Each structure stands twice: as structure tokens, then as C-alpha cells.
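As you go down the protein sequences, you meet chains W and L in turn.
FYI, the numbering used here numbers position 258 of the first sequence as 258, with every residue one higher than the one before it.
For any residue, its number in the numbering used here is found by taking its place in the second sequence, counting from 1, and adding 1000.
Using N, Cα and C, we set each Cβ at its ideal position, and we do this for glycine too.
On a predicted model such as this, the values are computed, not experimentally measured, just so you know.
For reference, the structure is listed below as C-alpha cells.
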Amino acid sequence: MKVRVLVGTRKGAFILSADGKRETWSVEGPHFAGWEIYHLKGSPADPNRLYVSQSSGWFGQVIQRSDDGGKSWDAPGGGVTKSPQGLPRGESNRFVYDTSERGRPLTTHQWYDGTQRPWEFKRVWHLEPSLSDPDLVYAGVEDAGLFRSTDGAHSWQELAGLRGHTSGPNWQPGAGGMCLHTIVLDGHDAARMFVAISAAGVFRSEDGGTTWQATNRGLRSPYLPDQDSEVGHCVHRLAMHPARPQVLFMQKHWDVMRSDDGGDSWHEISGDLPSDFGFAIDVHAHQPDTVYVIPIKSDAEHYPPEGKLRVFRSRGGGHQWEALTNGLPQRDCYVNVLRDAMAVDRLDPCGIYFGTTGGQVYRSSDEGDHWAPIVRDLPPVLSVEVQTMP
Amino acid sequence: MTVRLILPSHLRHLARIEGEIGLEVEGVVSLCTLLDALEEAYPVLRGTIRDHLTLRRRPFIRFFALQQDLSHQSPEAPLPEAVARGVEPLLVIAAIAGG
């Protein structure tokens, strides 16, 4: 068995590789040096197919793809094809909001000052390849929207029914922008998916992304005038175990939450955590009730409580949490762990991985009992994904 | 007419270009026709210098030539004769960032 850890950072992508023992690691990169890599992820249907979101405040958005596990890359929308007349004709992986009949009424959302503002594409936060088709991939973008490519990222079409939700004009950005950052696909039902938007909340589709339902009942957010509002909740991350698609776990701005009915309702499972603020959350590969979070002190202080970097594990689906500290800095640690920066492998025992804004990528090969850095000095880590391969 | 163009390093790496580029431009050589020719030859650069839809220059990009900042001239305005004839290059510049 092999493990490949895909790391997106502020200044490029890195690929960390090891055999099944997960003791000796090779480090490749930076790929796309100097560009922000918000996310890269491999196709579950073809592990050598990797998709990368490459962006820059200067130069905008590019999508890169590899068909050989990261040895070589190509911008699928950046090639030159020949027109029927033999002339070169460029393709482009641009992201254009749907302004057809469905999209037209959706051309504004709420801005910070309460006025309506046109949707404006800024970047791709998250790429989610299909579980079965290497050429099918979803992109969650800022301003919040969901795009789909069926041709291996050559071209993108918006699934505009999400913005078309009746609450769309009431969505508004948090301080980090208005982004669709989480896409969860149901392996038992290809038509069923969840997305999460800051600061709108969770939405579920049962028809492949055509129509959407807000699924935020039970979320309470004190920063909203109506704390139980249908939308407006700053959901940071969702996690689902593939064997149990009705159960979802959530790290919200504040509060760790759980749903046992596919998002129809949520209840809090923060329990005895030292802080229920945080970004990352994930589920053990083989134990659907074993959940991991990394508490952050507060919305104003984005670093671990008491300067101690601790992963917390619940073996009972929440409420009771144990601190996992062996090998992690327990003093003077003031890094953050962002929403897409924790992942698990599928080996036994399950491996847990996370990256920090200080440039460390930590791994545990024993379900979180012991930790060690794979690398210590990368640029700030934005995302971590793991591929487990024969 | 072959027009000379120099891109910032990020875009050279993206387009796999080394050094400056020579682009053939038909008719009037303007920012618009020059960038059209660039994007035709290197489609991966679409959207990186100017917006996909509006074709407006991205905010942190500038166009310099002959020690002049041409960023604010009309995209359709002819570029200086020395640029149009390939004597001097047009420079695409990324704004500096500190911190």
C-alpha cells in the first residue's frame, strides 16, 4: 500500500509520499510555485487523476490537472485546438455564473452594508471529484456557487439551482468572503450531495445538484438577529463517513454539530471540548463514530487554546472528547488549522493528517495516539488531502 | 508585424514560455489586438491579464513601454510606433507586494 498526501499552500502545492508503514516520506514540490493552491484532490475512480485549484490575486483562477499522479500537469482549459478551418482555437476553463432564465433573477446577493450586489467570481475554494467518473468534478467557488465539469475540467457549467434557492438574495459574506468551501458526495446515491457556504449554511440536493434544500435546522448563531434563521450560519466544514450517509458532522464557526437524519436537523456535540470554535473536522476511515476536531481559541484568536496544539477525538460520535497531544507542541504554539487542512487515510490503523498555517504537516499512523511532522517549514498550509493506493 | 511582449514570471511559467514572445498582429496594434493574439496563441493565459468576460485589465496588472505607463489608455488605442514595429517590447507587469 502507498499513501500520497496532497498539500495546498499559499505558495504552491506539495506531494508527500510514503509506503504503508508511513514512516519514511518523500517530498515533491513546490508545484505551481508562487501561486496560491487552495485545494488539490485526487479522483477516487482514478488515483492518478489529480485536480488543482491554482489562483492568484494578480492573475486570477487556473485549474490544473494531472493524469500521472502529479508527475506532469496540464491546464485542461488552456490548450489549443484546431477549428474546423484548421485555425487555432483556444479553450478556457472560465467560471461564468449562469444568467439564463434560471440564473437571471439571482444576479445579486446581500453585501456587508445590506445592499444587493452582483455575484462576482473570485476563486475556486474546493474541488470534489466524482466517486465513480474521473472526468466529472465539482468546484465550490467564491462568490458562493457550485460548478460542474463533465469533461475533465476543460469547461465548467454552474449548477445554478443552488443560487436559485429562495434564500439566495439573503446570503452574505463573512469576513473571509462568501465561499462555497465544502462539497460532500453520497457514495450510495449519486444524485445526493451536500454543500456548505460561509456564511449561508448547509444545502442538500437529491437530484444531482439541480434543486436544493436548506438544511440548517438546529443550528444557532448568536451573530444573527434570528439565531435560528434558515440561512446565515457560518458553517466551516462538514464530514461524512461513506458507510453512513445519513450521519453528518459539522464544525461550525462556534459549535461542533451532528445530524442523524441527513441534515434535516442538527444537535450540538461540543461536549467537553476546551473550545468549540474551529475549522477542520473529519471521521475515522473505519469507525463511523470516531470523529476528530482541532479546537481553535475563538473567532478573534485563530490559534489553539493555551498555545497547545491538540487534536481531539471522540470515539462515541461526540460529547466526550479526548485530547491527543503526543508529538504535538504543547507550549507557545499559535498556528491555525484551516477547514480543508485535515484528512484521513484508509489504512488500518487509520492515519490522520493535518497542516498548519505555520507550514507543518503532521501525521499520525495510529488513529491520533502519536504524532510527528512530515514537513515543518512549508508555506502556510491551506489544504490537505490523502490518497490511499494499492 | 511581429510585436515583442514580455510577461511576468508567473505567467511565463504558466504558459511554459521562456524569455520574450514575438506575436504576429494584423492591422492596428493595440492592447486589445495584442492581447487577442497572445490569448489565441496561449489560451491558458485567458483571464490572467484581463477578465474573461469584460476584457478589462485585472487590477494588479500594468502595461509599460518606452518608459511610459500605458495601462490607462483605451484598449483600442494604437500602441506607440516603436512597439508596433517590434523595436521595443511591451511589458506586462505584476504589481509589487510587500509584507
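Chain-order list of residues whose beta-carbon lies under 6 Å from that of residue i (same chain, five-residue window excluded)
| i | result |
| --- | --- |
| residue 266 of chain W | 218, 219, 257 and 259 |
| residue 429 of chain W | The question about residue 429 of chain W has no answer, for chain W in this structure spans 1 to 390. |
| residue 357 of chain W | 335, 336 and 380 |
| residue 1064 of chain L | 1091 and 1093 |
| residue 172 of chain W | 110 |
| residue 139 of chain W | 124, 127 and 147 |
| residue 215 of chain W | 202, 204 and 263 |
Candidates the options: closest to residue i by CA position
| i | options | result |
| --- | --- | --- |
| residue 34 of chain W | W/58, W/242 and W/213 | W/58 |
| residue 322 of chain W | W/330, W/313 and W/28 | W/313 |
| residue 350 of chain W | W/22, W/335, W/9 and W/7 | W/22 |
| residue 1086 of chain L | L/1013, L/1022, L/1075 and L/1008 | L/1022 |
| residue 1040 of chain L | L/1079, L/1025, L/1053 and L/1058 | L/1025 |
| residue 262 of chain W | W/249, W/284, W/225 and W/268 | W/249 |
| residue 63 of chain W | W/130, W/156 and W/14 | W/156 |
| residue 1028 of chain L | L/1078, L/1042 and L/1046 | L/1078 |
| residue 74 of chain W | L/1016, L/1051 and L/1070 | L/1016 |
| residue 50 of chain W | W/71, W/213 and W/77 | W/71 |
| residue 1003 of chain L | L/1036, L/1014 and L/1009 | L/1036 |
| residue 1030 of chain L | L/1074, L/1097 and L/1096 | L/1074 |
| residue 382 of chain W | W/301, W/41, W/196 and W/18 | W/41 |
| residue 43 of chain W | W/135, W/98 and W/14 | W/135 |
| residue 307 of chain W | W/286, W/290 and W/329 | W/329 |
| residue 110 of chain W | W/17, W/231 and W/270 | W/231 |
| residue 167 of chain W | W/182, W/141 and W/202 | W/202 |
| residue 233 of chain W | W/178, W/108 and W/118 | W/178 |
Secondary structure of residue i, DSSP reduced to three states
| i | result |
| --- | --- |
| residue 241 of chain W | coil |
| residue 332 of chain W | coil |
| residue 1019 of chain L | coil |
| residue 234 of chain W | coil |
| residue 66 of chain W | strand |
| residue 372 of chain W | strand |
| residue 1009 of chain L | helix |
| residue 174 of chain W | strand |
| residue 129 of chain W | strand |
| residue 1088 of chain L | coil |
| residue 393 of chain W | Outside the modelled stretch of chain W, which goes from 1 to 390, sits residue 393 of chain W, for which no answer is possible. |
| residue 305 of chain W | helix |
| residue 1040 of chain L | helix |
| residue 76 of chain W | helix |
| residue 1083 of chain L | helix |
| residue 1096 of chain L | coil |
| residue 1033 of chain L | helix |
| residue 1066 of chain L | coil |
| residue 1014 of chain L | helix |
| residue 180 of chain W | strand |
Residue(s) in a DSSP beta bridge with residue i
| i | result |
| --- | --- |
| residue 343 of chain W | W/353 |
| residue 254 of chain W | W/277 |
| residue 11 of chain W | According to DSSP, which records beta bridges pairwise, residue 11 of chain W is partnered with nothing at all. |
| residue 248 of chain W | W/240 and W/259 |
| residue 5 of chain W | W/16 and W/386 |
| residue 314 of chain W | W/291 |
| residue 362 of chain W | W/354 and W/373 |
| residue 193 of chain W | W/185 and W/205 |
| residue 147 of chain W | W/139 and W/158 |
| residue 40 of chain W | W/52 |
| residue 322 of chain W | W/313 |
| residue 220 of chain W | Bridge partners of residue 220 of chain W: none, in fact. |
| residue 214 of chain W | W/203 |
Own chain, CB closer than 8 Å to residue i, minus 5 neighbours either side, in chain order
| i | result |
| --- | --- |
| residue 273 of chain W | 256, 293, 295, 312 and 321 |
| residue 279 of chain W | 236, 237, 251, 294, 296, 336, 337, 338, 339 and 341 |
| residue 277 of chain W | 253, 254, 295, 296, 297, 298 and 299 |
| residue 244 of chain W | 288 |
| residue 1008 of chain L | 1092, 1093 and 1094 |
| residue 137 of chain W | 43, 51, 127, 128, 129, 130, 148, 149, 152 and 153 |
Own chain, CB closer than 7 Å to residue i, minus 5 neighbours either side, in chain order
| i | result |
| --- | --- |
| residue 1082 of chain L | 1066 and 1088 |
| residue 61 of chain W | 55, 95, 123 and 124 |
| residue 184 of chain W | 193, 194, 238 and 240 |
| residue 133 of chain W | 45 |
Residue i CB to nearest heavy atom of the ligand PLP below 7 Å
| i | result |
| --- | --- |
| residue 302 of chain W | The ligand PLP is absent from the structure shown, which contains no ligands of any kind. |
Near-chain L residues of the stretch 144 to 166 of chain W - C-beta to any C-beta below 8 Å: none
If the cut-off is 7 Å on Cβ atoms, which residues from the stretch 1011 to 1034 of chain L count as contacting chain W, listed in chain order? 1011 and 1014
Residues of the stretch 1059 to 1082 of chain L with Cβ closer than 7 Å to any Cβ of chain W, in chain order: 1060 and 1061
According to a CB-to-CB cut-off of less than 8 Å, which residues of the stretch 59 to 83 of chain W neighbour chain L? 59, 60, 61, 62, 75, 77, 78, 79 and 80
In chain order, what residues of the stretch 1032 to 1052 of chain L put their CB closer than 9 Å to some CB of chain W? 1039, 1040, 1041, 1042, 1043, 1044, 1045, 1046, 1047, 1048, 1049, 1051 and 1052
Of all the residues that make up the stretch 48 to 59 of chain W, which are near chain L by a beta-carbon distance shorter than 9 Å? 54, 56, 57, 58 and 59
Could you list the residues in the stretch 117 to 133 of chain W with a C-beta less than 8 Å from some C-beta on chain L, going in chain order? none
Can you pull out the residues from the stretch 30 to 48 of chain W whose beta carbon lies closer than 9 Å to at least one beta carbon of chain L? 32, 33, 34 and 35
Going along the stretch 1082 to 1095 of chain L in order, which residues come within less than 8 Å of chain W, judged by CB to CB distance? 1094 and 1095
Between the stretch 1 to 20 of chain W and chain L, which residues of the former have CB atoms less than 8 Å from a CB of the latter, in chain order? none
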